[in-house]
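In this note's numbering, the protein residues as written are 1063 to 1260. Single-structure report; data block below.
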Amino acid sequence: MSQHFSTIGQIATDPKLFTPAGGAAFCTFRLASTERRYDVGKQEWTDTETNWFTVNTFRSLAQHAKSSFSKGDRVVVTGKLRVRAWEADEKRGTSVEIDADGIGHDVRFGVSVFVKNPVPEAREGAAAEATEATAAGQAEPPQSDLGAAAPAPTATAPPTDPAPTDPGFTEPGFAEPGVAGAETAHSGDGFTPRLASA
């Protein structure tokens, strides 16, 4: 049984992209999600227990995730929650996984720039328009805003809840079963948000 689930957390491992023979690309990484609460007695923000998830992405979302995220990024993940038992090297455990439908940077503590992949038909139309403009004797073809990055938003005052510090993400006793497939180096594909400190 699976259910829809959303969480915010910090990527604890570098995303790994796999392309199994004859199968769809998928990317996976570990996510640490720690709830922060304000302690009125201490007059400070404190961390509660950390929940660990394995996040799985598929097809184009997998390729975009590999290009967009790295260890330490804070992200918002939504998808189907799955709990399964695993066994490897005489060890047994339970894995809590999210088959992601969507992932994005958590922009509470920074900014992210979104670059949209152009639609193939639009790219062909823009190329034809540029050729016609050049043939008509125009000095420069008309400019197209397809794929153009929007200007970065102006930074605002920092939030009252300070950004959590990176605890190093060591999870004692965790072992993940191996995943078949060859890891693939992935070039930029037009969807390359970058998280900058606010």
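Note that beta-carbon positions come from the ideal geometry of N, C-alpha and C, so glycine has one too.
Can you give me the C-alpha to C-alpha distance between Ala1237 and Ala1150, rounded to a whole angstrom?
With a pLDDT of 41 at Ala1237, under the threshold of 50, the modelled position of this residue cannot be trusted; read the value that follows with caution. Going by the C-alpha atoms only, they are around 8 Å apart.
DSSP-derived helix/strand/coil call for Gln1125:
helix
CA-CA distance, Asp1101 and Ser1132?
31 Å
Measuring alpha carbon to alpha carbon, tell me which residue in Lys1128, Val1145, Gly1164 is nearest Thr1069.
Gly1164
Rounded straight-line distance, which links the Cα of Cys1089 to that of Lys1078:
5 Å
Which residue marks the beginning of the beta strand (DSSP E) containing Val1177, and which one marks its end?
From DSSP, Val1177 is part of no beta strand (DSSP E); its letter is neither H nor E.
Expressed to the nearest angstrom, what Euclidean distance is found between the alpha-carbon atoms of Glu1111 and Leu1093?
13 Å
Bridge partners - Lys1142, DSSP secondary structure assignment:
His1066, Asp1161
Determine the DSSP secondary structure at Ser1132, reduced to helix, strand or coil.
coil
Of the choices Trp1107, Lys1178, Val1139, whose alpha-carbon is the least far from that of Glu1159?
Val1139
Using only the alpha-carbon positions, how far apart do Gly1141 and Phe1067 sit?
5 Å
One or two residues paired with Gly1155 in a DSSP bridge:
Trp1148
As assigned by DSSP and simplified to three states, the class of Arg1170:
coil
Check the DSSP bridge columns for Gly1071 and list the partner residues they point to.
Val1137
Less than 7 Å between the C-beta atoms of Gln1072 and Arg1136, yes or no?
yes
Proximity winner among Leu1143, Thr1096, Pro1180, Gly1134, relative to Asn1118 (alpha-carbon distances)
Leu1143
In the structure shown, what three-state DSSP assignment does Val1102 receive?
coil
Ala1087 and Thr1081: beta carbons closer than 7 Å?
yes
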